[in-house]
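The structure appears right after this line, and notes come after that.
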Amino acid sequence: MKNFFKTIFLIFLLASAVSSCDAGVFAEDEDPLLGVKEGWAWPVVVIPPKDGWDSAAGKSIKYAMRTAEREISLRRDAIRGREVTFMFSDIGGMDELLPRLETWRAMKVSAIVSFAQDDFSAVLAELCGERGPSVIFTGGEGVRIRSEDTGKPRPYLFALDLPYYSRANAIAEAILTRYSGEQTAVVTDILSQKLARGAELNIRFLRARGLQTLDLSVTAYRQDQFLPQVLEAGAGGTKVFVCWLDAMAALSIWQNTTRRRSGAVVCYYGPAQQILTDADGMIVVDKDAPLVRNEEGRRAIMMKIRDVFDVIVEDPVTAARALAAADWVIGAYHSAGADSAREIALALERRSGIPLMDEVLSIDPGTHRPVSRKFGVLEVRGRTYESSGTVEVLSSETVE
Numbered sequence: 002m003k004n005f006f007k008t009i010f011l012i013f014l015l016a017s018a019v020s021s022c023d024a025g026v027f028a029e030d031e032d033p034l035l036g037v038k039e040g041w042a043w044p045v046v047v048i049p050p051k052d053g054w055d056s057a058a059g060k061s062i063k064y065a066m067r068t069a070e071r072e073i074s075l076r077r078d079a080i081r082g083r084e085v086t087f088m089f090s091d092i093g094g095m096d097e098l099l100p101r102l103e104t105w106r107a108m109k110v111s112a113i114v115s116f117a118q119d120d121f122s123a124v125l126a127e128l129c130g131e132r133g134p135s136v137i138f139t140g141g142e143g144v145r146i147r148s149e150d151t152g153k154p155r156p157y158l159f160a161l162d163l164p165y166y167s168r169a170n171a172i173a174e175a176i177l178t179r180y181s182g183e184q185t186a187v188v189t190d191i192l193s194q195k196l197a198r199g200a201e202l203n204i205r206f207l208r209a210r211g212l213q214t215l216d217l218s219v220t221a222y223r224q225d226q227f228l229p230q231v232l233e234a235g236a237g238g239t240k241v242f243v244c245w246l247d248a249m250a251a252l253s254i255w256q257n258t259t260r261r262r263s264g265a266v267v268c269y270y271g272p273a274q275q276i277l278t279d280a281d282g283m284i285v286v287d288k289d290a291p292l293v294r295n296e297e298g299r300r301a302i303m304m305k306i307r308d309v310f311d312v313i314v315e316d317p318v319t320a321a322r323a324l325a326a327a328d329w330v331i332g333a334y335h336s337a338g339a340d341s342a343r344e345i346a347l348a349l350e351r352r353s354g355i356p357l358m359d360e361v362l363s364i365d366p367g368t369h370r371p372v373s374r375k376f377g378v379l380e381v382r383g384r385t386y387e388s389s390g391t392v393e394v395l396s397s398e399t400v401e
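Numbered by this note's numbering, the letters in the sequence shown go through residues 2 to 401 in order.
What follows is the structure in structure tokens.
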């Protein structure tokens, strides 16, 4: 009798979950949770992006992950005789997260794929990090994977991106590749803890590789506080300036260095912005550029999904991330061959061969992120950002 009531309860949970999943890419009479109900498919929850499932990103995610499902269903033995079903949650806010997690745990959900923003992801990380289920953050730049106490990754957290401060590694690699031997100055605001930390790491990486590097720390963004130091450094022979300030400050540094000294270069820590397109020669290192600017890779993703559903997705970059996360999870289930949350977590940290357009990712058990990721180097030319190669950053060398 006890097992009877347990079965009834699980059927109720699954029925409730159907309202949290999308059947839009299925025929009307097809139940997306049929395999979970009948026991031949493992459930994987997918958390929506900021703009929801009806956005271009949301629809692209769904079609990509359903494509991965279809590929598994066509394999002779699938995943050791079972399949994976992606359940697209309609969760509305962080206040719903704890009760939803209890429901998912009762359903034996061992993996969650999250496309949520960093504030939501931070809460999800705290709730799942030590207890599970495993969470794959398809971004995860701002999520703390490592425990502050041990320095080791929390057992149930994983991310496709390297941490925020990997920008410092990427900028250092770009400078060392292109301007090795040139005196460099790093400019930041010590009142901004986040920016100052990035600049500190940048200086450390450059000095460790033998590059003479000045620390130009200021106490505010006002030009009359940082420009005198910048001009003095330029007069003393500094050629390369790394700006850990806002875009306006980067533009000001460019105006006051490149016009005074031929060959001066400014590197900006942040994303490529329209305001900087006047700054001819400015360098920006962008983590998303290898995906966004990969026309052949984006087209391949669109054709892959079109061949299954006869639709062209509007956001192939997000679809590429969705396919990578799906491959990561499916491979873990194939390796583990079980639905134990701990076994799935161990399999996730051992995964290799995960395709992300042109990159093939392996997971570093010491960081729970890819062993390495490529960053695109962009250079402003003729009021546009032109690709100027890539640099590779190892996750084992990054700081969270």
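Beta carbons: idealized from backbone N, C-alpha and C, even for Gly.
With respect to the 7 Å criterion, Val309 and Arg71 are classified as neighbours on the basis of their beta carbons.
Annotation: Arg208 to Ala234 spans about 17 Å, alpha carbon to alpha carbon.
Our two residues, Gly143 and Arg168, have alpha carbons roughly 12 Å apart in a direct line. With a cutoff of 7 Å on beta-carbon distance, Met95 and Val46 are scored as not near each other. Pairing Leu158 with Ala112 gives a Cβ-Cβ distance that is not under 7 Å. In this structure, the straight-line span from the alpha carbon of Glu398 to that of Lys38 is close to 44 Å. For Arg374, the three-state secondary structure derived from DSSP is strand. One alpha carbon belongs to Val392, the other to Phe121, and they sit about 30 Å apart. Looking from the CA of Thr86, the closest CA among Val124, Trp43, Asp52 and Gly53 belongs to Trp43. In the three-state reduction of the DSSP assignment, Ala265 falls in the coil class, being assigned neither a helical nor a strand state. In its chain, beyond the 5 residues on either side, Ile80 and Arg81 have a beta carbon closer than 7 Å to the beta carbon of His335. Trp54 carries a coil assignment under DSSP once its states are collapsed to helix, strand and coil. Nearest C-alpha to Val400 among Gly199, Pro134 and Val110: Gly199. Ala323 is positioned such that its CB atom lies no closer than 7 Å to that of Ala333.
Glu183 is a Cβ neighbour of Lys240, given a cutoff of 7 Å. Around the beta carbon of Pro371, 16 or more other beta carbons lie within 10 angstroms, which makes this residue buried.
Closest in C-alpha terms to Gln275, from the list Leu98, Leu252, Gly140 and Leu362, comes Leu252. Collapsing the DSSP output to three states places Arg168 in a helix. Annotated as proximal: Asn170 and Val394, with beta-carbon spacing under 7 Å. The segment 79-134 contains, as complete alpha helix (DSSP H) runs of 4+ residues, the segments 98-107 and 119-129 (chain order). Just so you know, the alpha carbons of Thr178 and Val378 end up roughly 11 Å apart.
Ile302 has its alpha-carbon roughly 50 Å from the corresponding atom of Gly237. Around the beta carbon of Pro49, 16 or more other beta carbons sit within 10 angstroms, so the residue counts as buried.
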